[in-house]
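One structure is given here, and the rest of the page talks about it.
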Amino acid sequence: MTGKVRGVVARIKNATKECNSTHCTLHRYALVTKRISATFKSVLDEAVKIINFIKSKPLQSRIFKAICEDMGSLHTNLLLHTEVTCLSRGKMLVRIFELRMELMAYFIGHKFELSDRLNNMVWLPTLAYLADIFGKLNELCLALQGKQVNILQEKDKLVAFSRKIQYWISAVEQNNFRVFPDA
6 MTGKVRGVVA RIKNATKECN STHCTLHRYA LVTKRISATF KSVLDEAVKI INFIKSKPLQ
66 SRIFKAICED MGSLHTNLLL HTEVTCLSRG KMLVRIFELR MELMAYFIGH KFELSDRLNN
126 MVWLPTLAYL ADIFGKLNEL CLALQGKQVN ILQEKDKLVA FSRKIQYWIS AVEQNNFRVF
186 PDA
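Residues 6 to 188 (the numbering used here) are what the sequence shown spells out, left to right.
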């Protein structure tokens with residue numbers, strides 16, 4: 006319907022060569038995972054596999070919930086993700102990181118090839134980093150939604166977010182982590 010080859014976009018561009026088009030702002034972030042580094046992609050995929058291992062069987066989910074309740078956890082279940090939106094992916098990563106101790110307790114009695122990741126001092130900080138980044142993308146995606154948001158406001162928010170990323174990079178290069186409230 007809106008395709009750049011035969012859809013509305015193609016027809017408008019045929020009529021007016023100066024016309025520019027852009028991919029839907031919200032769906033751009035679904036493409037983030039298609040372009041991330043192999044290391045980040047691996048951690049992301051393994052996090053999904055850990056969730057699927059527990060969530061795929063109702064009995065396993067109930068056992069995990071009982072472990073979470075016994076440990077007094079704020080959350081008692083893991084979140085599934087969808088490929089379409091970064092919102093679910095960010096929340097999923099945050100939940101895994103928050104429940105990492107409960108997951109380690111669960112995997113003591115349930116053998117799984119990825120259970121050692123939760124003790125891995127390279128994998129775990131990478132998971133935390135991805136949870137933070139996707140959390141920030143969640144905030145941006147939510148700010149871009151709504152009936153009252155127009156393309157000019159979206160552009161302003163995207164430019165501001167880009168500047169914020171540059172500021173974070175500069176702060177980290179100067180070993181200034183005070184700009185990150187949870188650090």
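We put the beta carbon where it would ideally sit given N, CA and C, even for glycine.
Owing to the predicted nature of the structure, the values given are computational and were not obtained by experimental measurement.
Discussion item. Quick check on the burial criterion: 16 or more other C-beta atoms within 10 angstroms. Buried or exposed for Ala43?
Written reply: Position 38 of the sequence shown, counted from the start, is the residue given in the question as residue 43. Exposed is the call here.
Practice prompt. Let me know the secondary structure DSSP gives Met106 once reduced to three states.
Written response: Along the sequence shown, one-based indexing puts residue 106 at 101. Of the three classes helix, strand and coil, the one that applies to Met106 here is helix, per DSSP.
Item to complete: Look at the alpha carbon of Met109 and the alpha carbon of Leu123, and state the distance between them as a whole number of angstroms.
Response: Taking the sequence shown and counting its residues from 1, one reaches residue 109 at position 104. Taking the sequence shown and counting its residues from 1, one reaches residue 123 at position 118. For Met109 and Leu123, the distance between alpha carbons rounds to 7 Å.
Practice prompt. Would you tell me roughly how many angstroms separate the C-alpha atoms of Pro130 and Lys46, rounded to the nearest one?
Written response: Within the sequence shown, residue 130 is the residue found at index 125, counting from 1. Within the sequence shown, residue 46 is the residue found at index 41, counting from 1. If you draw a straight line from the Cα of Pro130 to the Cα of Lys46, it is about 14 Å long.
Fill in: Close Cβ partners of Ile55 (< 6 Å) along its chain, the five nearest in sequence each way excluded
On the sequence shown, position 50 is the one that residue 55 refers to. Excluding positions up to five away in sequence, the list reads Leu119.
Discussion item. Please report the distance separating the alpha-carbon of Val184 from that of Ala176.
Written reply: In the sequence shown, residue 184 corresponds to position 179, counting from 1. In the sequence shown, residue 176 corresponds to position 171, counting from 1. Roughly 7 Å between the two C-alpha positions.
Worksheet entry | Neighbourhood of Val48 by C-beta, 7 Å cutoff - its chain only, sequence neighbours within 5 removed | Counted from its first residue, the sequence shown places residue 48 at position 43. So the qualifying residues of the chain are Trp128, Thr131, Leu132, Leu135.
Worksheet item: Is DSSP giving Val127 helix, strand or coil here?
Response: For the purposes of this step, residue 127 is taken as residue 122 along the sequence shown, with counting starting at 1. If DSSP states are grouped into helix, strand and coil, Val127 belongs with coil.
Practice prompt. Take the Cβ of Ala52 as the centre, count every other Cβ of all protein chains shown within 10 Å, and call the residue buried at 16 or more, exposed below.
Written response: Along the sequence shown, one-based indexing puts residue 52 at 47. That one is buried.
Discussion item. Rounded to the nearest angstrom, what separates Glu178 and Ile170 at their Cα positions?
Written reply: The sequence position of residue 178 within the sequence shown is 173, counting from 1. The sequence position of residue 170 within the sequence shown is 165, counting from 1. In a straight line, the C-alpha of Glu178 is about 12 Å away from that of Ile170.
Worksheet item: Just the Cα atoms here: how many angstroms apart are Ser78 and Tyr172?
Response: Here residue 78 is taken as the residue at index 73 of the sequence shown, counted from 1. Here residue 172 is taken as the residue at index 167 of the sequence shown, counted from 1. Computed Cα separation, rounded: 34 Å.
Worksheet item: Where does Cys24 land, buried or exposed, given buried means 16+ other C-beta within 10 angstroms?
Response: As a working note, residue 24 is residue 19 in the sequence shown. Its Cβ having fewer than 16 others within 10 Å, Cys24 is exposed.
Worksheet item: Is any heavy atom in the ligand NAD found nearer than 7 Å to the beta carbon of Ala52?
Response: Among the components of this structure there are no ligands whatsoever, and the ligand NAD is therefore not found.
Worksheet item: Is it right to say Asn156 is buried, meaning 16 or more other beta carbons lie within 10 angstroms of its own, or is it exposed?
Response: For the purposes of this step, residue 156 is taken as residue 151 along the sequence shown, with counting starting at 1. Here residue 156 turns out to be Ile, not Asn, going by the sequence shown. Exposed, since its Cβ has fewer than 16 Cβ neighbours within 10 Å.
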